[in-house]
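Engineer: Which chain is which? The protein sequence lines are A and B, in order. Note that this note's numbering has the first sequence beginning at 1, numbered continuously upward. Note that this note's numbering has the second sequence beginning at 1, numbered continuously upward. I'd like to ask you about the structure that follows.
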Amino acid sequence: MTIYLPIAELPVAIFSILAMGLAVGFISGMFGVGGGFLMTPLLIFTGVPPAVAVASVSPYMAASSLSGALSYWRKGMVDTTLAGVLLSGGLVGTLSGVLLFLWLRSIGQVDLAIRLSYMLLLGAIGSLMLVESVRAILRERSGAQRPVRRPGTRPLFMRLPFKMRFRRSRIYISALPVIVIGYVIGLLGAVLGVGGGFILVPALIYLLRVPTQTSVGTSLVLTLVTMAAATVLHAVANGTVDAVLALVMMIGGTVGAQFGARTGQTLKAENLRLLLGLLVLSVAVRVGAELVTAPADTFAVTVVETIR
Amino acid sequence: MSPVRHRAGAGPAWLARFAFLALALIAGVITSPARADRLVLSVSQQMVSISSSFSGAELVVFGVAETTDGAPLEDAPDVVVTVRGPAEDFTTWRKAQVLGLWVNTDSRTFIGVPAFLTVLSNRPTDEMASLTILRREQIGLSRNIFVQRVGSDFADVVPTDPFRAAFLRLQSAQGLYEENPKGVTFLAPRVFRAEVRIPGAAPIGQYQIEVKLLRNGLISATEQAHFDVRKIGFEQRVAEFALNDALLYGLAVALGSLVVGFIANILFRKE
């Protein structure tokens, strides 16, 4: 059964889009990531033009992250103060990211630069998470004592001025590193065209020592706000948001996010980190494989977008 | 850079031929009964309307070939039906290995070429007439003109150009370009029909149908018709809303997505 997409101007198989939404929504709810980095390539693979795919994934991510965030909210696993401070840095980061992107495009070969940095960044984060979580699991197995954190052993950046108490995260640290992290996520998100959740979650866990589940819940809230804003921006700037496509994805995605969030909350923190590490690493491998393996067809045709 | 083939054809050779033809035609008009033929066309649908269940359509072009003086067509004529969709610009990219990485290294942009192109005929177009005439009349998929920017010039290139060949191959794989040498069938010696398949991803806009009648390797009649591919009902309203009230549309979609997310959460709240 197919349904015609009014903006993309082509029919798609409705059940395969639903299934894609469900699967990506599950991952989204479990790890607190938007899932755009998985959903966009899947849509392009089914024949949706890239411009429409990127823009229509935003409302989908807003819906599934709200669905997931509410579940974490009820369990008290969302730190709104932390989300607010991150967002203040994130907005400035998004703006500079858009400007950086325009500059990179003007000097050419932006595509290659983005792919390479993407791969290296994700590869590094993924490997670090993997190693750390495997160690934590092994330590647990051997029954060894967890090393006790003492206030004095905190890194310098947490002891900077403008200290704030983030109650839900059980941390009392300077607001400056939080704003910087928000800024970097906003910057990367705008340049790489992703929500940045899969960078934010590890950053919160490892840099700010926020509990794993609270990191996931807070990241979902951030994804929700940025993606709702991105929907409006894409609609105004490019006119490529397909409401029908987004709705079909959403129905699958919100349901998937529910199951994902539930599964995520029942998992042990280190197991969750292990899985997220594997996911991030596999995306890095996929991007890398795309760059080094010979394509099936060395030619490709794209429609030249008419600028409104 | 590939050698450039100009739109008009192969130069003085065809010019001489054309002059000869013109003379022969004038002489013919004066001395013998008219040999010019006429085509009458009818398209099964004036409009292909796209609703939510649209996944492609089929149109039938009916045609009658007749001589203007009513005399029968002595020899079996050839019929070529060419359907061209709205014009768009396309870029063909070529990937190559640079330092072990596959990256887009080269591209050609085709300007104002049909986004949909179908060539239907009663037998392979190569057999119908001389190459000169086929090229001049743009008969056959690969003999249609695909304008590229070549340096500072706009021109078509030779058919063997790798970018041009790849463009035709990829568009055909998408079902947007097609050539069918058995696409025209004769119902009676002078009555023919041709089926035009419109894929689900067909571009929106006006489609031109051009039918050429050939006799003894010469064009004896040409006729044109057209039809529209258009969105109707809900699909049309969504597209117009997105175009005319972009901000409101964006806000509506964003709000809608929040409502969907909220409802889903409520539904699953109680185990």
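Idealized CB from N, CA, C, for every residue including glycine.
1. So, does the segment 136-149 of chain B touch the segment 192-202 of chain B, judging by three or more C-beta pairs under 8 Å?
2. So, for residue 120(B): in the same chain, excluding its five sequence neighbours on each side, which residues have a beta-carbon less than 6 Å away from its beta-carbon?
3. Measuring only from the beta carbon, is residue 41(A) closer than 7 Å to any heavy atom that is part of the ligand PLP?
4. Could you pull the start and end residues of the beta strand (DSSP E) that residue 180(B) belongs to?
5. Buried or exposed for residue 118(A), please, with buried defined as at least 16 other CB atoms from any protein chain shown within 10 angstroms of its CB.
6. For the beta strand (DSSP E) holding residue 2(A), just list the boundary residues, first then last.
7. Does residue 239(A) come within less than 8 Å of chain B when only Cβ atoms are used?
8. Which two residues bound the contiguous beta strand (DSSP E) that contains residue 218(B)?
9. Using a Cβ-Cβ distance under 8 Å, would residue 250(A) count as near chain B?
10. Would residue 265(B) count as contacting chain A if we go by Cβ distances under 8 Å?
11. Taking C-alpha atoms, which residue in 179(A), 62(A), 301(A) lies nearest to residue 167(B)?
12. Take residue 192(B) and list the residues in its own chain whose beta-carbon comes closer than 6 Å to its own, dropping the five residues that flank it on each side.
13. Taking the alpha-carbon positions, what's the residue 270(A) to residue 136(A) distance?
14. Quick one: residues in its chain with C-beta nearer than 8 Å to the C-beta of residue 274(A), no 5 flanking neighbours on either side, listed in chain order?
15. Just the C-alpha distance for residue 288(A) and residue 103(A), rounded to the nearest angstrom, thanks.
16. Tell me the residue span of the beta strand (DSSP E) that contains residue 63(B).
17. Rounded to whole angstroms, what is the Cα-Cα separation between residue 125(A) and residue 10(A)?
18. Quick test of the definition: if touching needs 3 or more C-beta pairs under 8 Å, does the segment 236-245 of chain B touch the segment 6-23 of chain A?
19. Taking only the alpha-carbon atoms, compute the straight-line gap between residue 97(A) and residue 92(B) and give it to the nearest angstrom.
20. Restricting to Cα atoms, I'd like to know which of 35(A), 46(A), 30(A), 26(A) is closest to residue 14(A).
21. Looking only at its chain, what residues have a beta carbon closer than 8 Å to the beta carbon of residue 55(B), apart from the 5 residues adjacent to it on each side?
22. Please report the Cβ distance between residue 227(B) and residue 39(B), rounded to the nearest whole angstrom; I am assuming they are in contact, meaning their Cβ atoms lie under 8 Å.
23. Give me, in chain order, the residues of the same chain whose beta-carbon lies closer than 6 Å to that of residue 263(A); leave out the 5 immediate sequence neighbours on both sides.
24. Going along chain B, which residues have a C-beta under 9 Å from residue 27(A)?
25. Which residues in the same chain as residue 113(A) place their Cβ atom closer than 8 Å to its Cβ, once the five residues preceding and following it in sequence are excluded?
26. Any beta carbon from chain B within less than 8 Å of residue 83(A)'s own beta carbon?
27. Among 303(A), 61(A), 32(A), whose alpha-carbon lies nearest the alpha-carbon of residue 279(A)?
28. Whose CA, out of 37(A), 48(A), 42(A), 38(A), lies closest to the CA of residue 12(A)?
29. How far does the alpha helix (DSSP H) with residue 172(A) in it reach, from first residue to last?
30. Would you say residue 47(A) reaches chain B, if we count a Cβ-Cβ gap shorter than 8 Å as a contact?
31. To be precise: take each residue of the segment 77-91 of chain B, compare its Cβ to all Cβ atoms of chain A, and keep it if any distance is under 9 Å. Which residues remain?
32. Mark residue 363(A) as exposed unless 16 or more other C-beta atoms lie within 10 angstroms of its C-beta, in which case mark it buried.
33. Closest by CA to residue 209(A), which one among 243(A), 232(A), 167(A)?
34. Considering only the alpha carbon of each residue, which of 85(A), 203(A), 276(A) lies closest to residue 162(A)?
35. Might you give, ordered along the chain, the residues of its own chain that have their beta carbon closer than 6 Å to the beta carbon of residue 31(B), omitting 5 neighbours on each side?
36. List, in chain order, every chain B residue whose beta-carbon is nearer than 8 Å to that of residue 59(A).
Structural biologist: Well, looking at it:
1. Taking 8 Å as the limit for Cβ pairs, the verdict is that the segment 192-202 of chain B does not touch the segment 136-149 of chain B.
2. 81, 180, 183, 184, 194.
3. Questions concerning the ligand PLP fall outside what the structure shown contains, since it holds no ligand whatsoever.
4. Note, residue 180(B): beta strand (DSSP E), 177-180.
5. Residue 118(A) should be labelled buried.
6. Taken as a continuous stretch (DSSP letters only), the beta strand (DSSP E) holding residue 2(A) covers 2-5.
7. yes
8. 218-231
9. For residue 250(A), a Cβ of chain B is located within less than 8 Å of the residue's own Cβ.
10. yes
11. 301(A)
12. 63, 79, 184, 186
13. 7 Å
14. 129, 130, 133, 134, 137
15. 24 Å
16. First-last of the beta strand (DSSP E) with residue 63(B): 56-67.
17. 38 Å
18. yes
19. In this model, residue 97(A) and residue 92(B) are separated by some 29 Å (Cα to Cα).
20. 46(A)
21. 200
22. The C-beta distance from residue 227(B) to residue 39(B) rounds to 17 Å, too long to meet the 8 Å contact threshold.
23. 30
24. Neighbours of residue 27(A) on chain B: none; closest Cβ ~16 Å, over 9 Å.
25. 104
26. no
27. 32(A)
28. When only C-alpha atoms are compared, the closest one is 48(A).
29. Not the alpha helix (DSSP H): residue 172(A) falls in the beta strand (DSSP E), residues 171-174.
30. At least one chain B Cβ lies under 8 Å of residue 47(A).
31. Here the close residues are 88, 89, 90, 91.
32. In the structure as shown, chain A begins at 1 and stops at 308. Residue 363(A) is therefore absent and cannot be evaluated.
33. 167(A)
34. Nearest C-alpha to residue 162(A): 85(A).
35. In this prediction, residue 31(B) has a pLDDT of 40, which is less than 50 and means its spatial position is unreliable; what the coordinates show is noted afterwards. Short of 6 Å from the beta carbon of residue 31(B), and not among the five residues preceding or following it, lies no beta carbon of its own chain.
36. 253, 254, 256, 257
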